[in-house]
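In our numbering, the protein residues as written are 11 to 366. To start, the structure itself, in structure tokens.
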Ligand code: SF4
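Below, the structure written as structure tokens:
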């Protein structure tokens, strides 16, 4: 099965086809109201309707199986189970404003097969429904409310968990719209990170329903052949088409806050030498992307890759900086609970602590 399960919205309409549409808004609002903890608490609905909903539609689309916290306490990971008992992961990380960023999954496993990534090794089991994506936010809100000693605000969401979000674009869009409508997240606080599924990226350009979120493209190499060794699904003429897309995107959606970022995982001896850095400068200058975010490789069992040395990372960044390119480096968090970028594969082993 690769299709996502039906979402609550469709189940509700099947049960109550003649209900007015405002009823659905009422229900969506209730999901994101902290004082509402189950159908019974939604007293704006009739008792009869609540009884039917209690039996037919789960209040949460996914339930926690295990929750782990890193030794530093700055990262938490949950394994969630969907109604079909398929499991996926979601991560909560502290950010530099002492607020939280959620790293959400969009699929169970992934078909993209990036060669440094644990999720890619699982293959694709199925996509997540829009509810399963949106409810990762609800789960973490509940987690934080049960721990009043922690900061409470979730300020950012990044699609950097399991799966390729643009392969599940309709459910990703629905989940984003749900957050934008019912939480205090603004569109520039949501980042969709993609390996670069060009037909979908191109579709976004003319999609009136595409929310004005940030987009991060996982580039990993400035050249097609070498990129294909890291991202096997790299399409022909990838870099040329991507460069054109960045200009089109910038023209339609772009301003200082809605920019496109390139993500670049540094793998020792594979894509981290000075020549690659110079080629990357050359490529970035053909695009309208304004930033490169380098990511130190997180090790994955069963993969031969090793991480670049600190010296290698600094040298690589220096080439970009000297060429006037804005470079940031992603802080690595949650390695001890296999919650760091590229490590999500339902691994329960932990150097941190099991908290649920
Ligand atoms: S890096 Fe992302 S797109 Fe690539 S296999 Fe892993 S989850 Fe999929």
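Glycine included, every Cβ here is placed at the ideal spot set by N, Cα and C.
Q. For residue 200, is the beta carbon positioned less than 6 angstroms from some heavy atom of the ligand SF4?
A. Short note on residue 200: C-beta not closer than 6 angstroms to any heavy atom of the ligand SF4.
Q: May I ask you to report which of helix, strand or coil DSSP gives residue 205?
A: Here residue 205 carries a coil assignment [DSSP, helix/strand/coil].
Q: With distances taken Cα to Cα, identify the nearest neighbour of residue 259 among 291, 210 and 282.
A: It is 210.
Q) According to the neighbour-count rule (16 or more other Cβ atoms, all chains shown, within 10 Å of its Cβ), is residue 141 buried or exposed? A) Within 10 angstroms of the beta-carbon of residue 141 lie 16 or more other beta-carbons, which makes it buried.
Q. Are residue 297 and residue 256 closer than 7 angstroms when you measure CB to CB?
A. The Cβ atoms of residue 297 and residue 256 lie closer than 7 angstroms to each other.
Q.
If you reduce the DSSP assignment to three classes, tell me which class residue 294 lands in.
A. Per DSSP, reduced to three states, the secondary structure at residue 294 is helical.
Q: Would you list the residues whose beta-carbon is nearer than 7 angstroms to any heavy atom of the ligand SF4, in the order they occur in the chain?
A: Near the ligand SF4, residues with a Cβ at less than 7 angstroms from any of the ligand's heavy atoms are 120, 122, 123, 124, 127, 129, 130, 172, 173, 174, 205, 228, 241 and 352; the list follows chain order.
Q: State the CB to CB distance for the pair residue 39 and residue 187, rounded to an integer number of angstroms; the pair is presumed to be in contact (CB under 8 angstroms).
A: No, residue 39 and residue 187 are not in contact; Cβ-Cβ is about 14 angstroms, not under 8 angstroms.
Q. Tell me which same chain residues have a C-beta within less than 7 angstroms of the C-beta of residue 335, skipping the five on either side of it?
A. Correct list, in chain order: 291, 294 and 302.
Q. How many Å lie between residue 169 and residue 202 at the Cα?
A. Approximately 5 angstroms between the Cα atoms of the pair.
Q: Compute the distance between the beta-carbons of residue 240 and residue 230, then report whether it is under 7 angstroms.
A: Going by C-beta atoms, residue 240 is nearer than 7 angstroms to residue 230.
Q: Determine the direct distance from the alpha carbon of residue 19 to that of residue 37, and round the result to whole angstroms.
A: Going from the Cα of residue 37 to the Cα of residue 19 covers about 9 angstroms.
Q. Can you name the residues that DSSP bridges to residue 178?
A. In the DSSP output, where bridge partners are listed per residue, residue 178 has none listed.
Q: Leaving out five residues on either side along the sequence, give the residues of the same chain with a beta carbon under 6 angstroms from the beta carbon of residue 361.
A: With a pLDDT of only 48 at residue 361, under the threshold of 50, the placement of this residue in the model should not be trusted; the figure read from the coordinates follows. The residues are 346.
Q) Within 10 angstroms of its Cβ, does residue 273 collect 16 or more other Cβ (buried), or is it exposed? A) Buried is the call here.
(Q) Can you tell me which residues form a DSSP beta bridge with residue 224? (A) The partner list for residue 224 (beta bridge, DSSP) reads 201.
Q: Tell me, please, whether the stretch 117-137 touches the stretch 59-72 by the rule of three or more beta-carbon pairs shorter than 8 angstroms.
A: In this structure the stretch 117-137 does not touch the stretch 59-72; the number of beta carbon pairs closer than 8 angstroms is below three.
Q.
In chain order, what are the residue ranges of uninterrupted beta strand (DSSP E) at least 3 long that sit wholly in the stretch 128-154?
A. With a minimum length of 3 residues, the continuous beta strand (DSSP E) runs that stay inside the stretch 128-154 are 134-137.
Q.
Taking 7 angstroms as the threshold (C-beta atoms), are residue 25 and residue 66 in contact?
A. Between residue 66 and residue 25, the C-beta gap is smaller than 7 angstroms, which places the two residues in contact.
Q.
Within a Cβ cutoff of 7 angstroms, which residues of the same chain sit near residue 181, ignoring the five residues on either side of it in sequence?
A. Here the set comprises 14, 137, 138, 139, 140 and 143.
Q. Exposed or buried, which one is residue 358 when buried takes at least 16 other CB atoms within 10 Å?
A. Here the model assigns residue 358 a pLDDT of 48, short of 50, so the residue's position is not dependable, and the following value carries that caveat. Exposed: under 16 other Cβ atoms inside 10 Å.
Q: Could you pull out every residue in the same chain whose Cβ sits closer than 6 angstroms to the Cβ of residue 338, ignoring the five residues on either side in sequence?
A: The beta carbon of residue 338 sits closer than 6 angstroms to those of 303, all from its chain and outside the five residues before and after it, given in chain order.
Q: Reducing DSSP to helix, strand and coil, say where residue 240 ends up.
A: If DSSP states are grouped into helix, strand and coil, residue 240 belongs with the helices.
Q | Nonlocal neighbours in the same chain, by C-beta distance under 6 angstroms from residue 220, ignoring five residues either side | A | Correct list, in chain order: 214.
Q: Throw me the rounded Cβ distance for the residue 344 and residue 129 pair, which I believe falls under 8 angstroms.
A: Contact doesn't hold; Cβ gap of about 15 angstroms is too wide.
Q. Which of the three DSSP states, helix, strand or coil, is assigned to residue 281?
A. Of the three classes helix, strand and coil, the one that applies to residue 281 here is coil, per DSSP.
Q) Apart from the five residues just before and just after residue 268, which ones in its own chain have a Cβ nearer than 7 angstroms to its Cβ? A) Once the five neighbours on either side are set aside, the close Cβ partners of residue 268 are 198, 222 and 224.
Q | Alpha-carbon spacing of residue 243 relative to residue 251, whole angstroms | A | Taking the straight line from one Cα to the other gives about 15 angstroms.
Q | Buried versus exposed call for residue 163 [16 or more other C-beta atoms within 10 Å across all chains shown] | A | Under this definition residue 163 is an exposed residue.
Q | Own chain residues within Cβ distance below 6 angstroms of residue 88, not counting five before or after | A | Only 74, 77 and 100 meet the Cβ criterion.
Q | Range of the contiguous alpha helix (DSSP H) that encloses residue 336 | A | Counting along the chain, residue 336 falls outside any alpha helix (DSSP H), though it belongs to the beta strand (DSSP E) covering 336-339.
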